[in-house]
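Undergrad: One rule links them: number in the numbering used here = place in the first sequence (from 1) + 50.
Every residue gets a Cβ at the ideal spot worked out from N, C-alpha and C, and that includes glycine.
The structure presented is a predicted model; accordingly, all values stated were derived computationally and were not measured.
I'd like to ask some things about the structure below.
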Amino acid sequence: MNHKNSYYEDVYDLVREVPYGKVTTYGIVADALALGSARMVGWALKQCFGAEPPVPAHRVVNRKGELSGRIHFSTPTIMQELLESEGLKVVDHKILNFEAALWRPE
DNA sequence: GTGATGACGCAGT
DNA sequence: GACTGCGCCATCA
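Rendered as structure tokens:
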């Protein structure tokens, strides 16, 4: 699963472009990469924890701004803590003022 | 090979 | 606004 030039690398590269304090969604990433399915983004991020350089997977949420992937981190709370450390507000596993924090690739 | 699953998203009800 | 069903497609049993 660690082959170069796989769509995993494309996902990682795009997610690494998300600025500090901003977030993006699975759908936006899938659309930008023409994957055809937002599920593929989740599958890629599920195994991104050994990637180099590291992937800020905590900046990727679902279309409602919910931290649907938090359960896949080392602890269920680390994703929220990372986002809050970047100045975002998270309540009930959702990002407040989500649209203002949303980042889209050019 | 076949069917089920999933860090999702959208249309229909 | 919520709930449901379906499409999506790589991966696993």
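Quick check on the burial criterion: 16 or more other C-beta atoms within 10 angstroms. Buried or exposed for LEU95?
TA: Its Cβ being crowded by 16 or more others within 10 Å, LEU95 is buried.
Undergrad: Measure the beta-carbon distance from THR75 to VAL105 and round it to whole angstroms, keeping in mind my assumption that it falls under 8 Å.
TA: With a Cβ gap of about 15 Å, THR75 and VAL105 do not count as contacting.
Undergrad: Taking the alpha-carbon of ALA151 as reference, which of TRP93, GLU131, GLY115, HIS122 has the nearest alpha-carbon?
TA: If we check each option's Cα against that of ALA151, GLY115 comes out closest.
Undergrad: Identify which residue in ARG154, VAL65, LEU138 has its Cα closest to the Cα of ALA101.
TA: Considering only alpha carbons, the answer is VAL65.
Undergrad: Ordered along the chain, which non-local residues of its own chain (more than five positions away) have a Cβ less than 6 Å from that of GLY137?
TA: Result list for GLY137: GLY71, in chain order.
Undergrad: Mapping the DSSP letters down to three states, classify LYS96 as helix, strand or coil.
TA: LYS96 falls in the helix class under three-state DSSP.
Undergrad: Is VAL68 helix, strand or coil when you go by DSSP?
TA: Note: VAL68 maps to coil in three-state DSSP.
Undergrad: Here's a check: name, in chain order, each residue in its chain whose Cβ is nearer than 7 Å to the Cβ of PRO155, leaving out the five neighbours to either side.
TA: Closer than 7 Å at Cβ, skipping near neighbours: LEU64, GLU67, ALA82.
Undergrad: How about ARG113 and GLY77: do their beta carbons lie closer than 7 Å?
TA: A contact, by the Cβ cut-off of 7 Å.
Undergrad: Which residues in the same chain as ALA107 place their Cβ atom closer than 6 Å to its Cβ, once the five residues preceding and following it in sequence are excluded?
TA: Counting only Cβ-Cβ distances below 6 Å, and skipping sequence neighbours, we find LEU95, CYS98.
Undergrad: Does DSSP classify GLU134 as helix, strand or coil?
TA: Reduced to three states, the DSSP call for GLU134 is helix.
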